[in-house]
Amino acid sequence: MFHAVVFSPLQNRIIVDGVKEVVWLLSGNDNKIHLYREDKTRQTYYEDLSPSCFPEFSSLNSLVMWMDFFATSEYRITALGCKDGFVIVSSVKLPETTLQASWRIEHDGPISTVRLFQDSTLESMQNGFFSKTKNDDKIHLCVGNAIEVSVVYRDILNHGLELTNQELLPESSMYDCVVCSLIADIDMDGKNEVLLGTYGQELLVYKWEVEPGDNGSYKLYHKQMFPHPLLALSYMDIIGDGVKELLVLTTNGLHILQHDLTQVRDICLERMKWILRNIPAETLKEYIKVH
C-alpha cells in the first residue's frame, strides 16, 4: 500500500508487441513511480510491476514531485524532479527501451516542476512539404524550484546537467515558491517562452535572447499579478476559434487570457502571404489533399 501524490499523475504511451498503448504513471511516497495499464476486457486498470517499459524508474531514492517526457521514434528523454532536490534526466533507446545515459544534479529545496522543450515551434520543410519533425533542434530542461531560483539547462543531450550550461531565470525566487511551469509560444514569434506560476500570485514569462558578443540568456519578458496563488498553467484552444488561450488556474478559479484578435489577424495574413510567395501552388494543393 502506498499514498499517491495526487498532483503528479501523467498519461504516456508505450508500445507493446508493436501496438501503441496509453498508460498512467503515478508517483507514490514509497519512492516509486507506478505504471497502470488498461484491461479492456474487464474495463478496469491494473498495476504493471514489470520495469521493462520504463527502466529509468528502477532506482529512485526520493519522492518524485513532477515528471516530463520528450519522445521521438528513436529515443525517449525522461526528466524527474524530486522532493529531496535531485533532478534526474535519462535517455532511453526506442523501441528496445534500453537505458542509454542518465544524469543527475542536486538543488537546494524540492523540485516542483520540470519541463523538456525545444526553442523553435516552427515546422520544417522537406521536399516542399511541411514536417513536424525537429530532430536537429536542441532539447532543454526547465527546472522549477520551491525555494531557490529556477533554472534552465541548455542542450542536455550534449551537455547533460552541467553547471556551465545552467541559465538562471531572473526574479523566479522573489514571489514565494514556483508551483507550476509551461512552455509555449505565447507571442507567436516561432520561439517558445518559459512561463512560471508562483504561489506569490505572480505569472513570470521568460524569453531566450542572444545579444552581440554573448551566448544568450533568459530575460524576464513579462510578469502579471493575479488575485490568488497560481496552481497550474495550460495553453490550448479552449474556445474553439483556432487560436490558443492561456489558462491560469488559481486557488480561487480559472482565468482565461485571450490574444488580441487584431494582432492574430495581422500575423495570419503575413504568414499566408509568405507561403503564397515561397511555395508553388501545386505543392500547396498536394499538401492540402494529404492533410
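Taking the working numbering, I'd label the letters of the sequence shown as residues 7 to 297.
We put the CB at the ideal spot given by N, CA and C, even for glycine.
As the structure is a computational prediction, the values presented were derived from the model and not from experiment.
Under DSSP, the beta-bridge partners assigned to Gly87 are Trp72, Val93.
DSSP places Ile39 in the strand class (E or B) of the three-state scheme. Assigned with DSSP and collapsed to three states, His165 falls in helix. For Thr170, there is no enclosing alpha helix (DSSP H), as DSSP marks it with neither H nor E.
Under DSSP, Thr47 forms no beta bridge with any residue. For Ser68, the closest C-alpha among the options Thr204, Phe75, Phe92 is that of Phe92. By the neighbour-count criterion, in which a residue is buried when 16 or more other Cβ atoms sit within 10 angstroms of its Cβ, Trp72 is buried. Cβ contact annotation for Asp54 (same chain, cutoff 6 Å, sequence separation greater than five): Leu41, Arg43, in chain order.
Taking all protein chains in view, the Cβ of Glu199 is crowded by 16 or more other Cβ atoms within 10 Å, so the residue is classified as buried.
Counting only the Cα atoms, Ser33 lies some 20 Å from Leu188. Positions of the beta strand (DSSP E) runs, each at least 3 residues long and wholly inside the stretch 188-231, are given as 199-204, 208-215, 223-231 in order along the chain. For Gly246 against Leu202, the beta-carbon gap comes to about 28 Å, at or over 8 Å, which does not count as contact. Distances from the CA of Thr256 to each of Cys274, Leu263, His234, His265 were compared; the closest alpha carbon is that of His234. In terms of Cβ geometry, Glu177 and Gly115 do not form a close pair [threshold 7 Å]. Sequence-distant Cβ neighbours of Leu100 in its own chain, meaning closer than 8 Å and more than five residues away, are Ile21, Ala77, Thr78, Ser79, Glu80, Tyr81, Arg82. Inter-segment contact for the stretch 167-185 and the stretch 202-218 is present: three or more beta-carbon pairs are separated by less than 8 Å. Here Tyr227 is not near Tyr241, since their CB atoms are 7 Å or more apart.
If you ignore the 5 residues before and after Leu260, its C-beta comes within less than 8 Å of the C-beta of Leu253, Val254, all in its own chain and listed in chain order. Inclusion of Leu147 and Trp109 in the CB contact set at 7 Å is not warranted, their separation being larger than that value. Looking from the CA of Ser97, the closest CA among Thr84, Lys89, Asp90 belongs to Thr84. Here DSSP, grouped into helix, strand and coil, assigns Asn258 to coil.
If you look at Arg277, you'll find it isn't in any beta strand (DSSP E); it sits in the alpha helix (DSSP H) that goes 267-284. Under the three-state reduction of DSSP output, Thr103 falls in the coil class, being neither helix nor strand. About 12 Å separates the beta carbons of Ser64 and Thr103, which is beyond the 8 Å limit, so they are not a contact pair. Around the C-beta of Ile117, 16 or more other C-beta atoms lie within 10 Å, and the residue is accordingly described as buried. Secondary structure of Tyr293 (DSSP, three-state): helix.
Counting the other CB atoms within 10 Å of its CB gives Lys250 a total of 16 or more, which places it among the buried residues. Residue state for Phe60 is assigned as coil, using DSSP reduced to three classes. If you look at Leu66, you'll find it isn't in any beta strand (DSSP E); DSSP assigns it neither H nor E.
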